[in-house]
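Quick note: the sequence shown uses our numbering, first residue 1, plus one each step. For every residue, glycine included, the Cβ atom is placed at its ideal position computed from N, Cα and C.
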Amino acid sequence: MAHALYLRGEYGRSLGMAENALIMKQGSYPISELFLHLAASMACMSLKDIDAAKAHFGAAWDIARPDGLIELIGEHHGLLQGLIEACLKTQYPDDFAHIIEITYRFSYGWRRIHNPDSGEDVADDLTTTEFTMAMLACRGWTNAEIARHMGVSPGTVKNRLSGVYAKLGIGTRAELVAHMLR
1 MAHALYLRGE YGRSLGMAEN ALIMKQGSYP ISELFLHLAA SMACMSLKDI
51 DAAKAHFGAA WDIARPDGLI ELIGEHHGLL QGLIEACLKT QYPDDFAHII
101 EITYRFSYGW RRIHNPDSGE DVADDLTTTE FTMAMLACRG WTNAEIARHM
151 GVSPGTVKNR LSGVYAKLGI GTRAELVAHM LR
């Protein structure tokens with residue numbers, strides 16, 4: 001339910017649902033807890049509460065890593081809006097690389113199903129980093145905010161977004177929003 005609320009744009013309710021379920025649990029249910037922490041992370045990112053998003057993502061990582069459940073993290077890459085890069089890239093480079101491989105495999109399959117069903121092409125040619133920066137830009141984040149979150153310079157964000165525009169054949173953020181959020 002928290003995920004459904006998130007997809008409807010009800011981020012506060014999604015976060016409340018996930019956190020309440022985590023608080024009221026009466027046993028240890030690692031997979032459910034992992035999903036709830038990921039849903040809470042996604043909602044917090046959409047609410048621009050980065051510290052809370054990182055805390056929930058850290059809790060999800062603490063569950064996922066020892067039990068080898070990192071596939072679930074890779075499958076949520078786009079929805080996690082740069083948390084994987086911000087939290088794992090430097091501290092867990094091997095795990096990060098594996099998660100990105102999972103993300104590419106998952107995304108490839110998802111696009112093969114989504115594109116014919118929707119009649120629209122989603123961003124096939126973007127790297128995971130470009131996709132993340134593009135989605136954050138679509139959500140109204142400034143280049144400086146994206147840079148701070150992802151641990152790069154604002155110039156790097158500007159260059160990456162310029163590359164995104166070139167790959168997608170667009171020239172403005174408004175066109176990016178129209179392309180990415182359709």
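Specify whether the region 81-94 and the region 54-65 touch according to this definition: at least 3 beta carbon pairs, one from each stretch, less than 8 Å apart.
yes
For K185, which residues from the same chain have a beta carbon less than 6 Å from its beta carbon, with the 5 sequence-adjacent residues on both sides left out?
Nothing in the structure corresponds to residue 185, since the chain is present only between 1 and 182.
Quick check: the region 66-80 against the region 139-159, are at least 3 beta-carbon pairs closer than 8 Å?
no
Fully enclosed by the region 2-50, which beta strand (DSSP E) runs are 3 residues long or longer?
none
Taking V177 as the reference, which of T132, S153, L36 has the closest Cα?
T132
Where the alpha helix (DSSP H) containing V177 begins and where it ends:
173-180
For M150, is the classification buried or exposed, using 16 other Cβ atoms within 10 angstroms of its Cβ as the cut-off for buried?
buried
Figure out for me which residue from S162, G27, L47, V164 has the closest Cα to the Cα of E10.
L47
As a quick exercise: from C138, G169, S32, T127, pick the residue whose alpha carbon is nearest that of R160.
T127
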